[in-house]
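Heads up: the structure comes next, in structure tokens.
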Amino acid sequence: MDPVRSSDAELTVMLAALGIALIALLYASVGHGGASGYLALMALMGQAPAEMRPAALWLNLLVSAVATVQYARAGHFAWRLFLPFALVSVPMAYLGARITLEAETYERLLALCLLLAALRLLGVFGAPTTATRPVHRLGAPVLGAGIGLIAGLVGIGGGVLLSPVLLLLRWSDAHRTAAVSAPFILVNSAAGLIGLQAVGPPAGLHIGWLFAALAGALLGSTLGARVLPDLRLRQVLGAVLLLASAKLLLP
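Set out below in structure tokens:
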């Protein structure tokens, strides 16, 4: 291999690791795994969708597991809010992962998810401080099924879709939303990996990226569960996701 190309490739991997650490930190602070951020980063790097989905889900699995523990330890988790969505989303995420989309369709769907994630980070959906409505017994499973299917199709855990729903419908406050989103992402990411038959780390996932994600997740989830997160950093990430979304949507 050309030494220059090899050096450039190593530099790209290192820069990607830094980006992944930052994405994990910011997403974990709101109880998310960061798959939409990793997918945006990999899209900007020019990776193929076949490599992107399993790699993002593995990173998602790690970060959401850390966030789940941290938010539960802080006392924000609620089974009654988690189960109505998760019980139906898991089999749908598995089914979604079994479906192979055409590259153009995949990019359009991913772009829309990135756009929604960006709007969430930029505060478009707001953050109510108290829950004002009980969860709808029929509406929650229906929404959970739809979110699970999209999560499996795209290669995300579904947190960027669940969080706005909980906040917009006033079914939860900000901290409880984060505490429920993390395990929701965890179980759907696992279901997606099983559906993709990606039981081991894929070739496109560098081991250093896993350590970077772990470091970011530990710091971000601690800040999110116990300290006010940095709004400016989230806005920067939101702008990056908007850029990645536009890159995928525009010819």
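Take any residue in the sequence shown, note its place counting from 1, add 7, and you have its number in our numbering. Just so you know, even glycine gets a beta-carbon here, dropped at the ideal spot from N, CA and C. Only a predicted model underlies this, so the values are computations on that prediction, with no experimental measurement involved.
8 Å CB neighbourhood of G215 in its chain, flanking five on each side removed: If you number the sequence shown from 1, residue 215 lands on position 208. For G215, where only same-chain residues beyond five positions count, the Cβ hits under 8 Å are V20, M21 and A24.
Closest residue to I157 among A57, G223, N195 and P91 (Cα-Cα distance): Position 150 of the sequence shown, counting from 1, holds the residue named residue 157. Here the closest residue by C-alpha is N195.
L255: CB within 6 Å of a non-hydrogen atom of the ligand PLP: The ligand PLP is absent from the structure shown, which contains no ligand whatsoever.
Beta-carbon separation (whole angstroms), A189 vs Y78, contact threshold 8 Å: Indexing the sequence shown from 1 puts residue 189 at position 182. Indexing the sequence shown from 1 puts residue 78 at position 71. Yes, they are in contact, since the Cβ atoms of A189 and Y78 sit about 6 Å apart, within 8 Å.
Beta-carbon proximity check, A100 vs P209, cutoff 7 Å: Here residue 100 corresponds to residue number 93 of the sequence shown, with the count starting at 1. Here residue 209 corresponds to residue number 202 of the sequence shown, with the count starting at 1. No, Cβ-Cβ distance for A100 and P209 is not below 7 Å.
Whole-number beta carbon distance between A251 and L121, since they are thought to touch under 8 Å: In the sequence shown, residue 121 corresponds to position 114, counting from 1. In the sequence shown, residue 251 corresponds to position 244, counting from 1. About 5 Å separates the two Cβ atoms, so the contact holds.
DSSP three-state assignment for I154, whether helix, strand or coil: Residue mapping note: residue 154 aligns to position 147 of the sequence shown, counting from 1. DSSP places I154 in helix when its eight states are reduced to three.
C-alpha gap between R115 and L256, whole angstroms: Numbered from its first residue, the sequence shown carries residue 115 at position 108. Numbered from its first residue, the sequence shown carries residue 256 at position 249. Inter-residue distance for R115 and L256 is about 6 Å (C-alpha atoms, whole angstroms).
6 Å Cβ shell around S43 - same chain, five flanking residues per side excluded: In the sequence shown, counting from the first residue as 1, residue 43 sits at position 36. Same-chain partners within the cutoff: C120, L121, A124, I163 and V167.
Which listed residue (L249, T229, R233 and A246) has its alpha carbon closest to that of A31: In the sequence shown, counting from the first residue as 1, residue 31 sits at position 24. Nearest option by C-alpha distance: T229.
Straight-line gap, A104 to A152 (C-alpha atoms, nearest Å): Within the sequence shown, residue 104 is the residue found at index 97, counting from 1. Within the sequence shown, residue 152 is the residue found at index 145, counting from 1. Looking at the two C-alpha atoms, the distance is approximately 13 Å.
Spatial distance of V142 from H39 (CA atoms): For this step, residue 142 is matched to residue 135 along the sequence shown. For this step, residue 39 is matched to residue 32 along the sequence shown. In a straight line, the C-alpha of V142 is about 21 Å away from that of H39.
Beta-carbon gap between G159 and G130 smaller than 7 Å: By 1-based counting over the sequence shown, the position of residue 159 is 152. By 1-based counting over the sequence shown, the position of residue 130 is 123. Contact flag unset, no.
Cutoff 6 Å; reference P236; Cβ partners in own chain excluding five residues on either side: Counting from one through the sequence shown, the residue named residue 236 turns up at place 229. For P236, the pLDDT reaches just 49, beneath the cut-off of 50, and the residue's location in the model is therefore unreliable, leaving the point undetermined.
Closest by C-alpha distance to L88, when choosing among L150, Y113 and Q204: Here residue 88 refers to the residue found at position 81 of the sequence shown. Closest option to L88, Cα to Cα, is L150.
Coil, strand or helix - F55 by DSSP: Taking the sequence shown and counting its residues from 1, one reaches residue 55 at position 48. Reading off the sequence shown, one finds Ala at residue 55, where the question assumed Phe. In the structure shown, A55 sits in coil (DSSP, three-state: anything other than H, G, I, E or B).
Inter-residue Cα distance where the pair is V11 and Q54: Position 4 of the sequence shown, counted from the first residue, corresponds to residue 11. Position 47 of the sequence shown, counted from the first residue, corresponds to residue 54. Its pLDDT being 48, under 50, V11 is placed unreliably by the model, and nothing is read from it.
Of the listed residues A222, T107 and A147, nearest to G202 (C-alpha basis): Reading the sequence shown from its first residue, position 195 is the one you call residue 202. Answer by Cα proximity: T107.
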